[in-house]
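Mapping the sequence shown onto the UniProt record's numbering, position 19 (from 1) lands on 19, and the numbers just tick up by one.
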Amino acid sequence: MIEHALVADAKIRWQKPNTVAQQQNGAIVQSVSAASTMRYIGSNQQQRRGLFRRPARVYQMPLNSPIPHNWLDYIPGRTAYVAQGTDVLTGFMSGCLIARGTYQGGMRVFHMGTVENQVVNNQVKTTFRAALPNDATGFYPADAWSVAERAATNKATDIIALVTSAGGFFSILLCHDGVGEYFVGGIKKVPPIHRPALLARLA
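Below, the structure written as C-alpha cells:
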C-alpha cells in the first residue's frame, strides 16, 4: 500500500497525466490514461515552520524506486472510473467526490468530474446518483486540508487522492519543488462517507 511511501517529506519525481477532455454530458465512462511513472527520490530536508514542527518520518525505500499505482482520470463533466486491481491515485483535487464500489461486475474507483457550471454538475450528480453502487463509499479529498495548512508549507500546493486496494481513503498534499518534482506536505486518512449520506449529498 503506497500510503507507506507517500509520507510527509518524501520527495517524488512525477508528471501528472493530462486532464482528459470529452463531451460534458454527465456520463459514467472508463478512465483512459495510463499511469505515469512516479519515483521516490529522497526526503526533503529543508527547515520549515507550520505543518512541519517535528522531523517527519520518511519511508525507507531505495532511491529512484517506482511507486506502483493505477491512475484515474479527471474528466470534466463526466464521472470516470477505473478497475481497482491495486492502489489508485487521482487528481488534482478541488472539490470532486471520489467514490468506490462494485460496478459492472467488479470493484471500481470513481472520480466525479464536477465543473464550474451548475447545469453540467446537476447532470453529473444525477447520473452518478442513479448508478451509485449498493456498497458505495466515498470522500472529498480537498476538504481534508485547510487554507492555513496549505499556506504553512510556503509552497504552491496541489492535492491528490489515494484509494488503497483495501478500500482506505487518503488525501495527500503535494508541494511543488521544481519542474516535475514534489515533496509530500502531509497525508491524512479520511473516514469514508457511506451510501445513505452520499445519496443525500448528490441530491
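For every residue, glycine included, the Cβ atom is placed at its ideal position computed from N, Cα and C.
The criterion of a C-beta distance shorter than 8 Å is not satisfied by tyrosine 140 and phenylalanine 110. The shortest C-alpha to C-alpha distance from alanine 152 to any of Gly138, Cys175, Phe170 and Gln23 is the one to Cys175. Our two residues, tryptophan 145 and leucine 63, have alpha carbons roughly 28 Å apart in a direct line. The closest CA to that of valine 88, considering only Ala200, Met61, Gly105 and Ser171, is found on Ser171.
Just so you know, the alpha carbons of glutamate 3 and leucine 162 end up roughly 8 Å apart.
Here aspartate 158 carries a strand assignment [DSSP, helix/strand/coil]. In the DSSP annotation of this structure, the continuous segment of the beta strand (DSSP E) that includes phenylalanine 110 starts and ends at 106 to 112. In this structure, the beta-carbon distance from alanine 142 to isoleucine 159 falls below 8 Å.
By the neighbour-count criterion, in which 16 or more other beta carbons inside 10 Å mark a residue as buried, leucine 199 falls on the exposed side.
Of the residues Glu116, Gln123, Leu72 and Val115, the one whose Cα lies closest to the Cα of alanine 99 is Leu72.
For the 8 Å CB-CB criterion, glycine 77 and glutamine 118 do not form a contact. Under the DSSP assignment, arginine 13 falls in the beta strand (DSSP E) whose first and last residues are 10 to 13.
By DSSP's assignment, asparagine 70 forms a beta bridge with Val88. In the displayed model, threonine 127 falls within a helix according to three-state DSSP. Using a 10 angstroms sphere on the CB of asparagine 44, the tally of other CB atoms reaches 16 or more, which defines it as buried. Around lysine 188, the same chain offers Ala144 and Ser171 as residues with beta carbons nearer than 6 Å, after the five sequence neighbours per side are excluded.
Leucine 97 sits away from glycine 42, with the two beta carbons spaced by 8 Å or more. Per DSSP, the beta-bridge partners of arginine 100 are Val109 and Thr137. In the structure shown, valine 120 falls within a helical segment according to DSSP collapsed to helix, strand and coil.
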